Amino acid sequence: MKSVLIIGMGRFGRHLCMNMSRLGHQIMIVDDHEENLEEMLPYVVSAKIGDCTKPEVLKSLGIANFDLCFVCIGTNFQSSLEVTSQIKEMGGKYVISKATRDIQAKFLLRNGADEVIYPERDEAEKLAMRFSANHVYDYIELSEDYSIYEIAPPQGWLGKSLKELDIRNKYHINILGVKRGEKVEMISASEYKIKKDDHLMILGRKEDTEKILKQL
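The numbering of the sequence shown is the working numbering, which starts it at 227 and goes up by one.
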């Protein structure tokens, strides 16, 4: 369990708050509009109305006490930059700031952010991948090179074991597990035979995975 500060209760900030709460973290949220805080109260241990560009507001939060500080101010980049810089100066252990463009990320990293996230860009890439390729049900980018894909099995793989298919050597990807409905089952036995209703969770490079997707 971590102590988490989230500044900015826009759409992304709210979703982040709910998910961090579901994972058991202790969360404090801050926004300069009271109505943005009200619906989030069941998910947090503390909520504060305030303009975090003002140093006295940030000082009152006890920045150094938080394991993670998220700056989710989306509409005013100057404010995001000021808050990020001040949080780091006040002893923020790990500061994650939201950006929409690369130039914003550069300034944030130079002014105190330990990490920059692009929620809109990342979600757009995920949706583009999902809807561009048939039978891709989900997609998680791990790095520039590797991603995890949830895909339907190619017709030629049905009824065959992982050992028979020799997938790792032939396709240079790894099958992590299978998903049926909401249940995910990890696969360790090479004798496992692929079924028609399996959704395969595969890890691989984009270029290697695209060769498989062309078979679907």
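A virtual CB, placed ideally from N, CA and C, is assigned to each residue, including glycine. Computed from a predicted structure; not experimentally measured.
So who's on the other strand from Cys295, going by DSSP bridges?
-> One-based indexing of the sequence shown puts residue 295 at position 69. Answer is Leu231 and Val321, bridged to Cys295.
From what residue to what residue does the alpha helix (DSSP H) around His241 run?
-> Locating residue 241 in the sequence shown gives position 15, where the first residue counts as 1. Membership of His241 in the alpha helix (DSSP H) is indicated by the continuous run Arg237 to Arg248.
Please state whether DSSP places Gly276 in a helix, a strand or coil.
-> As a first step, residue 276 must be located in the sequence shown, where it is residue number 50. Looking at Gly276 - three-state DSSP - the assignment turns out to be coil, as it is neither helix nor strand.
With DSSP run on the structure shown, which of helix, strand or coil describes Ile399?
-> For the purposes of this step, residue 399 is identified with residue 173 of the sequence shown, where counting begins at 1. DSSP, read as helix, strand or coil, puts Ile399 in coil.
Could you say if the stretch 425-433 and the stretch 368-384 meet the contact criterion of at least three C-beta pairs nearer than 8 Å?
-> Judged by Cβ distances under 8 Å, the stretch 425-433 makes contact with the stretch 368-384, as three or more pairs qualify.
Return yes when the Cβ of Leu426 is within less than 9 Å of the Cβ of Glu390, no when it is not.
-> Your numbering for residue 390 matches position 164 in the sequence shown. Your numbering for residue 426 matches position 200 in the sequence shown. Going by C-beta atoms, Glu390 is not nearer than 9 Å to Leu426.
Which class does Lys386 belong to by DSSP, given the choice of helix, strand or coil?
-> Position 160 of the sequence shown, counted from the start, is the residue given in the question as residue 386. The answer is coil: DSSP assigns Lys386 none of H, G, I, E or B.
Report yes if the CB atom of Ile322 is closer than 9 Å to the CB atom of Glu341, and no otherwise.
-> Here residue 322 is taken as the residue at index 96 of the sequence shown, counted from 1. Here residue 341 is taken as the residue at index 115 of the sequence shown, counted from 1. In this structure, Glu341 lies closer than 9 Å to Ile322 by Cβ.
Cβ-Cβ distance between Val271 and Ile253 below 9 Å = On the sequence shown, position 45 is the one that residue 271 refers to. On the sequence shown, position 27 is the one that residue 253 refers to. It is a contact, given that the beta carbons lie within the stated cut-off.
At a Cβ threshold of 9 Å, is Val309 touching chain B?
-> Absence of chain B from the displayed structure is noted, only one protein chain being present.
Best match in Pro281, Asn395, Met316 and Glu261 for proximity to Ile275 [C-alpha to C-alpha] | Residue mapping note: residue 275 aligns to position 49 of the sequence shown, counting from 1. The shortest CA-to-CA distance from Ile275 to any of Pro281, Asn395, Met316 and Glu261 is the one to Glu261.
Express the C-alpha separation of Lys405 and Met412 in angstroms, rounding to a whole number.
-> Counting from 1 along the sequence shown, the entry for residue 412 is found at position 186. Counting from 1 along the sequence shown, the entry for residue 405 is found at position 179. C-alpha separation (whole angstroms): 9 Å.
Straight-line Cα distance separating Pro379 from Lys386 | On the sequence shown, position 160 is the one that residue 386 refers to. On the sequence shown, position 153 is the one that residue 379 refers to. As the crow flies, the alpha-carbon of Lys386 is around 11 Å from that of Pro379.
Contacting residues, own chain, Cβ-Cβ under 7 Å from Tyr397 (five flanking each side not counted) | The residue labelled residue 397 in the question sits at position 171 within the sequence shown. Hits under 7 Å: Asp434, Lys437 and Ile438.
Note the first and the last residue of the continuous alpha helix (DSSP H) segment covering Glu341.
-> Numbered from its first residue, the sequence shown carries residue 341 at position 115. That residue, Glu341, is in no alpha helix (DSSP H); its beta strand (DSSP E) goes Glu341 to Ile343.
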